[in-house]
């Protein structure tokens, strides 16, 4: 299901926790699986659950609770735009609108070429840099006004 | 990003240059000196806790609980493993200080956690880091490797016989995990559903073992408290509000960012440091302690000093020190609608009043904002907040209800106008003019 | 003890109690949904908020520790306001359509909303809709919008059933109870979630929308299935059993019942019930009147006895029969001069007969299990053979009791085991001997003779450690330990181990009257008569057979041998509730029997507890209670002592009136240790489980149970290495052979089966043509 490299990463996470507490690595393991597969098909969730000795539904509870996991396929680039109050006071909502128009999609939609998925984010913890967005859960981009957004999209093309 | 401004800084000293976060730089600044001193001089754990108590250091995550007192709750005779957990699940809208602490000075947090571990007799610790700040999580792991290699954490720290293993655990998108017991559940590999208290983490915490949880900024302050001495730290702030605090300023100011101030500094000073209200507009309101703190109108906040006591007396909370500034172009109904959506979205779904109540409140505010308010809505909202507050498993219910109460208390006329006229008191063109998306802030 | 005051009343509770515990001790009711005395505390519904003196806000009674001097107000203004507030929230997204809800009339939410709900809703928004789920044939999750997220069902799975099949996914108002990607709920205890659900979210699929709770009479009964003696409530409408629920009995089944106990009633209402006596005339079965049928049977029996001697008659009964039936069957046979009676059809080794000190039983009371420091279960498919017994051991392991298993497969017990040994059936005795030797060595006692070649493995050492330390310990012999050829040897070894370690020794017993049959004396021989046991009566075929509730093609240790013997007999009379079995081929007379719920009678459970029940509804057609049939047959045969007026009168002949427990319970055995068989047989060995829903005639015919995963058609489970050696790929069809018997099955790789073994279920039509449950077997690609 997952590459040896991903399994090794998961093993490193398991090693962080006391003996008998493998389940603690489930969040990291799901994130690693998602990083490799692009999203979390149920087979991946079950694989992780079995690997960590938990009930598949227990792993599914986790996968469906935390909103950075994608239980449906997403585009090559998932852009999560924070529209929470502090961000929106500084243009977060406008940035989301700009992206929607530019990409021709709404939140939770993917461009027809499969390149971009847009997500409405809750507080990313970077309100001072508003507007902020997160690329594929990993890269935080701040101060995203039109020129910066254009540049980012160009870079990701 | 370095600190944008500071008055008599403690925590943020040396936050400059790309290498400031490295172990070498931290040690050069005197880092790990407090830990070394404690271990070398075999300072009794009680004495360390006593120093922290004397310093007036209070939890920087939002609740403001006295840190030394919290540490003293840990059972001394418990031998079956205790834990130290750092809460860097910084997701309270408006708050972004811990991200900067870990970015600029992760070793202060590591040292603070190691000292705490020594003080309470813990052997293992975790730093739970907000999933969205992935680069910071990676940096912290790197800092841990440096510290491990240098022997500041690990089995036998500096040959003292004291051992403390520390690891990073990342979140993956759940505001509620900032609640300490939800955070523990999350480390255990479960949904972040808060636990009922009692028992408190100090008796039943991570994996059922006694656990001390503090905020990142709290741990970061610990080495400084011990280096400068409890009294000096206390004096850096004001009585009962020891030391300095990082304030995250966001919203309608010219220079949003983090500022370190002695507790008790006037709000006006902070606003001025942040470049004042954007475009020279008039201050309308301020949420002084993160999104769950009740909003305060300009005339009240301008008279406040930034400390737990003064903000509390004004009817709000200093919380995490997140200052959300709103100018006269802000529609307060729309602002509340976004916050209510947030609490509804982030409710863990476990307990009835929060799961059901946050959704109901959001729907009502949403209707009001969209011109479908009913005359009875404002009373209904007040009644719902009363039915949520104090009835939930964790404080998220209160956090969802307090903004509603605050907005209704101070800006009721704006809500009434929406209900009556189906539109906003602040004309759309004024609201639009407030946006800086297409033009840089002046 | 803590003194606490609730609504002005004083009560004392032990430290560690909650306000809810204290209120319950007082008999004061605090409204609640998520709280359940057998489950962990969730404190999520918030319905039990009460006022506590000096507390600034209302506190949940279920989770708040009682403290000395605490004053609690459950009906104060503050408390009631909080409770009403919670009720309003619970109802906003809950459909307000009680009249069309299956739970209506027995719904906690409905009941409490009467007291705490408003007359009109302030909620004007759209209600949240939750999609229906299909989780199998037993539990309906069609109306999940009714769910109030109390998570009782989730906690039940985690804590009681031992397997988390349901979870609460998502968050906020989108939280929903579901299985992993639409899988079925397969726990053998799953139906309890229906009872636990305080609303109409989880309902009984077979029962739903067939009756209203207030139309149903509620009658107490006892489960006729496994040996626990589970207490039941049978609900009847218009003379028909509509539903079976648990009757709480803390000493036996607590508040749980297994799915088999709950859903087997469907067989009672099956179209295949035998409603009129039948006799074979000119090769065909014809319906006749009772007097005709009984005359026919009486004449045939007398005829055979006259021609071939009374020893040519044999009677075999199901251990699921009532004790009265078993007693009268034995009485009838003895009165006719035959000692060929037995009620243990799945047994193949009878070496302990005549060597036992008393009646084999559990060795302790069921409720004592929770106080054990260690338990060893030898031989059995514990979880499927005895779901609630396994549940008791699961709870024991949860509180740090050391539970170990020595058995023939590594089946998941869902118990946190201390140690486990899985060996081929022939090596069960050797494995147990290993534990015995390790225990003797640990205790510095002499190693019993004959165990010189035994080398205890690490697991055996661990088991011995658990049995030689700590407090009260117990050894339990499970079904397989009684079914294998070395049953006597296992008994003797276990008795030695018990003597050595001070652990109690017991048999779990296969069926509802596994103890009762002994109490009723339904055993071969006795009273100066020789007797053939359940194996011998087929190995040495008789001329006439009288079968009571038993289906030899499924129930016998060697069905092929049994059926062959029956088919060659001159006369076969079958007393049965059903008309669809193999008996239709071989019976010369079929006597319609009242089934469970339709007859009064007694079950003596594994702990020797005597439980007599009344019939709760009439049998269909002309079916009659077995005790009456046997009594009248006795009269027809003009035998003395068949004049009972009631089943109680029958019972009083063999159980002292009013005795709560059977007498003479004793697991001692005077059996020398036979030499242990060689460790390897050189060929393949069969392991036969009796699938939970094929274990008795009733379960076999319960429609919904037959759709569960537990009722899946048998496959040949073989260890992957053995499969490789045989050159068979998993998924291929294989022919399995035992002597002349054979069956074609799908091969399945199963690492839980010991190497060189083939696990093929018994008690199923596809495997009925095979031979013994254990012993040599051949496998080849079909």
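Chains as they are written, first to last, in my numbering: chain Z, 13 to 169; chain B, 1409 to 1850; chain H, -12 to 769.
Glycine is no exception: its CB is placed at the ideal position from the N, C-alpha and C atoms.
Nothing here was measured: the structure is a model prediction, and the numbers come from that model.
Could you check what DSSP says for residue i in three-state terms: helix, strand or coil?
i                      : result
residue 1578 (chain B) : strand
residue 1712 (chain B) : coil
residue -4 (chain H)   : strand
residue 25 (chain Z)   : helix
residue 1514 (chain B) : helix
residue 1672 (chain B) : coil
residue 1608 (chain B) : coil
residue 304 (chain H)  : strand
residue 72 (chain Z)   : helix
residue 224 (chain H)  : strand
residue 196 (chain H)  : coil
residue 1849 (chain B) : Note that residue 1849 (chain B) has pLDDT 43, beneath the 50 cutoff, so the model's placement of it is unreliable and the number below is only indicative. DSSP places residue 1849 (chain B) in coil when its eight states are reduced to three.
residue 327 (chain H)  : coil
residue 119 (chain Z)  : coil
residue 673 (chain H)  : strand
Run through the DSSP bridge pairs and tell me what residue i is partnered with.
i                      : result
residue 408 (chain H)  : H:393
residue 120 (chain H)  : H:128
residue 1734 (chain B) : B:1693
residue 33 (chain Z)   : Answer is none; residue 33 (chain Z) lacks a bridge partner.
residue 656 (chain H)  : H:343
residue 245 (chain H)  : Answer is none; residue 245 (chain H) lacks a bridge partner.
residue 19 (chain Z)   : Looking at the DSSP assignment, residue 19 (chain Z) forms no beta bridge with any residue, so it has no partner.
residue 1535 (chain B) : B:1494 and B:1576
residue 648 (chain H)  : H:596
Only counting the same chain, and skipping five residues up and downstream in sequence, which positions put a Cβ closer than 8 Å to that of residue i?
i                     : result
residue 344 (chain H) : 653, 654, 655, 656 and 657
residue 729 (chain H) : 722, 723, 756 and 757
Rounding to the nearest angstrom, what Cα-Cα distance links residue i and residue j in this structure?
i                      : j                      : result
residue 120 (chain H)  : residue 162 (chain H)  : 14 Å
residue 379 (chain H)  : residue 238 (chain H)  : 11 Å
residue 1524 (chain B) : residue 403 (chain H)  : 36 Å
residue -7 (chain H)   : residue 103 (chain H)  : 20 Å
residue 443 (chain H)  : residue 485 (chain H)  : 17 Å
residue 530 (chain H)  : residue 309 (chain H)  : 26 Å
residue 148 (chain H)  : residue 174 (chain H)  : 7 Å
residue 59 (chain Z)   : residue 94 (chain Z)   : 32 Å
residue 1821 (chain B) : residue 1781 (chain B) : 13 Å
residue 1842 (chain B) : residue 1698 (chain B) : 21 Å
Considering only residues of the same chain and omitting the five flanking positions on each side of residue i, which have a CB-CB separation below 7 Å?
i                      : result
residue 1670 (chain B) : 1415, 1416, 1644, 1645 and 1652
residue 1568 (chain B) : 1447
Apart from the five residues on each side of it in sequence, which residues of its chain come closer than 6 Å, Cβ to Cβ, to residue i?
i                      : result
residue 566 (chain H)  : 259 and 261
residue 302 (chain H)  : 316, 320, 328 and 533
residue 520 (chain H)  : 329, 337 and 511
residue 522 (chain H)  : 335
residue 157 (chain Z)  : none
residue 538 (chain H)  : 568 and 684
residue 1480 (chain B) : 1457
Please compile the residues from chain A whose C-beta is within a distance smaller than 8 Å of the C-beta of residue i.
i                    : result
residue 77 (chain Z) : The chain inventory of the structure shown lacks chain A, comprising the protein chains Z, B and H.
Query raised in the report: Taking Cβ-Cβ distances below 9 Å as the criterion, which residues of the segment 57 to 75 of chain Z are in contact with chain H?
Result: Among the residues of the segment 57 to 75 of chain Z, those with a Cβ less than 9 Å away from any Cβ of chain H are 57, 58, 61, 66, 67, 68, 69, 70, 71, 72, 73 and 75, in the order of the chain.
Requested in this report: Closer than 7 Å, Cβ to Cβ, to anything on chain Z: give me those residues from the segment 1539 to 1555 of chain B, in chain order.
Outcome: Those residues of the segment 1539 to 1555 of chain B that come within reach of chain Z (Cβ to Cβ, closer than 7 Å) are 1539, 1540, 1541, 1542 and 1543.
Report task. Anything in the segment 131 to 153 of chain H with a Cβ closer than 9 Å to a Cβ of chain Z? List those residues in chain order, please. Result -> Residues of the segment 131 to 153 of chain H whose Cβ lies closer than 9 Å to any Cβ of chain Z, in chain order: 141, 144, 145, 150, 151, 152 and 153.
**Report entry** Selection of the segment 75 to 107 of chain H by Cβ proximity to chain B, strictly under 8 Å
**Finding:** Residues passing the 8 Å Cβ filter: 75, 76, 77, 79 and 80.
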